[in-house]
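Enquirer: First residue of the sequence shown? That's 24 in the working numbering, and the numbers climb one at a time after it.
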Amino acid sequence: MALMNTDTLFTKPISKQFEFDADVAAVFDDMLSRSVPFYKESQQLTSRFCCNVLSEGGRVIDLGCSTASLLLQIERGVSASDKCELIGIDNSHAMIEHAHKKLEVYQSKIHLVEGDILEYPFGLTRAIVCNYTLQFVRPMMREKLVQKIYDSLEEGGVFIFSEKVLSENATLNKQLIDCYYDYKKVQGYSEYEIVQKREALENVLIPYTVEENSAMVKKSGFSSCDVLFQWANFATFIACK
24 MALMNTDTLF
34 TKPISKQFEF
44 DADVAAVFDD
54 MLSRSVPFYK
64 ESQQLTSRFC
74 CNVLSEGGRV
84 IDLGCSTASL
94 LLQIERGVSA
104 SDKCELIGID
114 NSHAMIEHAH
124 KKLEVYQSKI
134 HLVEGDILEY
144 PFGLTRAIVC
154 NYTLQFVRPM
164 MREKLVQKIY
174 DSLEEGGVFI
184 FSEKVLSENA
194 TLNKQLIDCY
204 YDYKKVQGYS
214 EYEIVQKREA
224 LENVLIPYTV
234 EENSAMVKKS
244 GFSSCDVLFQ
254 WANFATFIAC
264 K
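Below, the structure is given as structure tokens:
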């Protein structure tokens, strides 16, 4: 497979809010690897805990699957005899196009759907993943989506999701953001690029605190919600039904 295209989207002035269009899709894998701290490790944990509930097969759905990297990792982690069904859903045509190209290279059997996760019928599912997707769903619809996820899971199923999170302490929240921006500078992003992306994401990405995410999930019926991994203001959760 060809090397990832380098993310240089925000080296020039922005003209619109952030959206998952063709420009973003073309550099998305690089953007994730350089913008999300310990993204690879978080994906490995997510894959592992999905595979834990797939010992006898079942369906896994990745909501906002982007270029299908996680599903490919899960596919490699399950036994061929488990007869798992892996489905990726994304409303970005450009993302789905890039995902299809990647799946062709790996001769994958993952099924991709270009559609709205709020409308698409999930069916009975063993695991549902939502990596950095809930934060782009408007708060008034977020609880409805989580309820839909709960209702679609089999007993013993899991919901694993990663989110950018806020602190309840304003001073600490500012320090966490500064820590994250320093991380991005180490990854090669300039101060200008960081500011540009922050402005593009304003009012598009709406994060919750760890406590708010946990309360929302438990309200829908999940018996537990634990943090699998956290670095500063990035967290991966697992909720069990």
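Virtual Cβ for every residue (Gly too), placed ideally from N, Cα, C.
(1) Drop a sphere of 10 angstroms on the beta-carbon of D201, count the other beta-carbons inside from all chains shown, and report buried for 16 or more, exposed for fewer.
(2) Would you kindly work out how many angstroms separate the C-alpha atoms of K124 and S131, rounded to a whole number?
(3) Alpha carbon to alpha carbon, how far is I261 from R149?
(4) Would you kindly work out how many angstroms separate the C-alpha atoms of C263 and S246, rounded to a whole number?
(5) Suppose contacts are defined by Cβ-Cβ distances below 7 Å. Is L94 in contact with L109 by that definition?
(6) Please identify the residue among V188, N226, A258 and K207 whose C-alpha is closest to the C-alpha of T232.
(7) Quick one: grab the DSSP three-state call for M24.
(8) Taking its Cβ as the centre, do 16 or more other Cβ atoms sit within 10 Å of L147, making it buried, or is it exposed?
(9) Using C-beta distances below 8 Å, list every residue in its chain close to L26, excluding the 5 sequence neighbours before and after it, in chain order.
(10) Using a Cβ-Cβ cutoff of less than 7 Å, which residues in the same chain neighbour I229 once the five nearest sequence positions on both sides are dropped?
(11) Have a look at the DSSP bridge pairing and note the partners of T148.
(12) By the DSSP assignment, the alpha helix (DSSP H) with D205 in it spans what residues?
(13) Considering only residues of the segment 114-138, which uninterrupted alpha helix (DSSP H) runs meet the minimum length of 4 residues and lie entirely inside it, listed in chain order?
(14) Would you give the residue range spanned by the beta strand (DSSP E) that T259 belongs to?
(15) Rounded to whole angstroms, what is the Cα-Cα separation between M239 and N192?
(16) Classify R99: buried if its beta carbon has 16 or more other beta carbons within 10 angstroms, exposed otherwise.
(17) Determine the burial state of G80: buried for a count of at least 16 other Cβ atoms within 10 Å of its Cβ, exposed for fewer.
Expert: Inspection of the coordinates gives the following:
(1) It counts as exposed.
(2) Using only the alpha carbons, I get a separation of about 10 Å.
(3) About 13 Å.
(4) Taking the straight line joining both Cα atoms gives about 6 Å.
(5) Going by C-beta atoms, L94 is nearer than 7 Å to L109.
(6) Among V188, N226, A258 and K207, the Cα nearest to that of T232 is on V188.
(7) Note that M24 has pLDDT 40, beneath the 50 cutoff, so the model's placement of it is unreliable and no number is given.
(8) Around the Cβ of L147, a 10 Å sphere holds fewer than 16 other Cβ atoms; the residue is exposed.
(9) Note that L26 scores 44 on pLDDT, short of 50, meaning its location in the model is unreliable; the coordinates nonetheless yield the value given after this. Excluding positions up to five away in sequence, the list is empty.
(10) Scanning its chain for C-beta atoms nearer than 7 Å, with the 5 sequence neighbours on each side dropped, one finds around I229 the residues Q158 and P162, in chain order.
(11) When DSSP reads this structure, T148 sits in a beta bridge with L176.
(12) Looking at the DSSP string, the run of the alpha helix (DSSP H) that includes D205 is A193 to V209.
(13) Within the segment 114-138, the alpha helix (DSSP H) runs of at least 4 residues that lie entirely inside it are, in chain order, 116-128.
(14) Per DSSP, T259 belongs to the beta strand (DSSP E) from F257 to C263.
(15) The alpha-carbon atoms of M239 and N192 are separated by roughly 20 Å.
(16) Exposed.
(17) It is exposed - the Cβ of G80 has fewer than 16 other Cβ atoms within 10 Å.
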